[in-house]
């Protein structure tokens, strides 16, 4: 008989319909939140769709920032669930899009395009570009960030690294518990020290990666269900505690989005069947799932410049921006995939 109760590692798993569906949903939510919703908000423009969704969905259900953070949390939870699958190869396939999109954003900024940066900037120099490519700028306070959502990739990479490094750890709960302890320390330190606040803010989303790991560990019986539930509650508690401790998180209802994302992942994984498989096999769903990282990174680097340059009504401009983002995602995906396959390596979903 095969013993499973003491297996601590996140073993490779086959692609599952629930993961494909959640990644595709995350792609749509992130593009809507950070290209459509954020653009309308920053330009003080009006778009009927955004107004209706805010009034009848976002506010009643407690989902702030036009679904953007909710989409990010869904994606991180799905990443945590599969973080043990080809961890080292995943790192490269996650990081390359960051490099390419950052270079694109820098080039467009230099050409005078209106790229979404945080804080707003129109200048690019070598140190700034290197800081963004290395992702260091995302961890420093007041540093100019050329691709504001690249920190999401950083968290996914941390999850893959943790899974690879802890492959031989026993018992199974050590990996998630250790990660939660690190996040808790960073959040507390960030509330005390301004220079750690940016790092702490991003780290407060990392419990969603751990939540995904816990769902997988419980499903594979590497961790008892009751213990996975307890640690999952701690994941949510960390997100909830971070909100009052870190001023930039206050008032955005992140704990509500975290609860929805965790529950949705759990229910989707446990109930997936032929219906979920049929939806996941849809070409549109598979396309969005496979290109989710490009769709997370490109809205600010490609979508914003497109909508800024076209002299058209807001709705039409945003539609063209979404189309430009989709085309750029397709181009980037195939460039990386063909380069990866040319080296004789097997391509896998990240």
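Residue numbers (the numbering used here): 7 to 356. For glycine and all other residues, C-beta sits at the position ideal for the given N, C-alpha and C.
DSSP-derived helix/strand/coil call for residue i
{"i": "residue 302", "result": "helix"}
{"i": "residue 22", "result": "coil"}
{"i": "residue 14", "result": "Bear in mind that the predicted position of residue 14 carries a pLDDT of just 44, short of 50, making it too unreliable to give a figure here."}
{"i": "residue 151", "result": "strand"}
{"i": "residue 254", "result": "helix"}
{"i": "residue 354", "result": "coil"}
{"i": "residue 8", "result": "For residue 8, the predicted structure reports a pLDDT of 42, less than 50, and the residue's modelled location is therefore unreliable. A value from the coordinates is still provided. It is coil, neither helix nor strand."}
For residue j and residue i, the rounded distance between their alpha carbons
{"i": "residue 23", "j": "residue 118", "result": "42 Å"}
{"i": "residue 190", "j": "residue 197", "result": "11 Å"}
{"i": "residue 253", "j": "residue 280", "result": "44 Å"}
{"i": "residue 109", "j": "residue 137", "result": "12 Å"}
{"i": "residue 75", "j": "residue 174", "result": "33 Å"}
{"i": "residue 161", "j": "residue 101", "result": "11 Å"}
{"i": "residue 322", "j": "residue 45", "result": "13 Å"}
{"i": "residue 248", "j": "residue 35", "result": "23 Å"}
{"i": "residue 7", "j": "residue 27", "result": "The pLDDT assigned to residue 7 is 38, lower than 50, so where the model puts this residue is not dependable; a value taken from the coordinates is nonetheless given after this. The alpha-carbon atoms of residue 7 and residue 27 are separated by roughly 34 Å."}
{"i": "residue 134", "j": "residue 294", "result": "31 Å"}
{"i": "residue 291", "j": "residue 285", "result": "7 Å"}
{"i": "residue 188", "j": "residue 195", "result": "11 Å"}
{"i": "residue 132", "j": "residue 147", "result": "19 Å"}
{"i": "residue 225", "j": "residue 265", "result": "19 Å"}
Closest by C-alpha distance to residue i, when choosing among the options
{"i": "residue 206", "options": "132, 59, 145", "result": "145"}
{"i": "residue 165", "options": "184, 148, 150", "result": "184"}
{"i": "residue 310", "options": "273, 47, 32", "result": "47"}
{"i": "residue 99", "options": "200, 72, 163", "result": "163"}
{"i": "residue 112", "options": "151, 249, 240, 343", "result": "151"}
{"i": "residue 241", "options": "343, 200, 182", "result": "182"}
{"i": "residue 223", "options": "38, 272, 319", "result": "272"}
{"i": "residue 319", "options": "49, 306, 128", "result": "49"}
{"i": "residue 37", "options": "304, 127, 339", "result": "304"}
Proximity of residue i and residue j at Cβ, strictly below 9 Å
{"i": "residue 327", "j": "residue 313", "result": "yes"}
{"i": "residue 141", "j": "residue 104", "result": "yes"}
{"i": "residue 238", "j": "residue 257", "result": "no"}
{"i": "residue 63", "j": "residue 32", "result": "no"}
{"i": "residue 251", "j": "residue 216", "result": "no"}
{"i": "residue 221", "j": "residue 234", "result": "yes"}
{"i": "residue 41", "j": "residue 331", "result": "yes"}
{"i": "residue 308", "j": "residue 114", "result": "yes"}
{"i": "residue 80", "j": "residue 270", "result": "yes"}
{"i": "residue 106", "j": "residue 298", "result": "no"}
{"i": "residue 130", "j": "residue 116", "result": "yes"}
Give a yes or no on contact between the segment 174-181 and the segment 226-233, applying the rule of three or more CB pairs nearer than 8 Å. At 8 Å Cβ cutoff, the stretches touch.
Between the segment 67-78 and the segment 111-125, do three or more beta carbon pairs fall short of 8 Å? The segment 67-78 is not in contact with the segment 111-125.
Between the segment 342-351 and the segment 155-163, can you find at least three pairs of beta-carbon atoms closer than 8 Å? Fewer than three Cβ pairs drawn from the segment 155-163 and the segment 342-351 lie within less than 8 Å of each other, which leaves the two stretches out of contact.
Tell me, please, whether the segment 47-54 touches the segment 75-90 by the rule of three or more beta-carbon pairs shorter than 8 Å. No, because fewer than three Cβ pairs between the segment 47-54 and the segment 75-90 fall closer than 8 Å, the two stretches do not touch.
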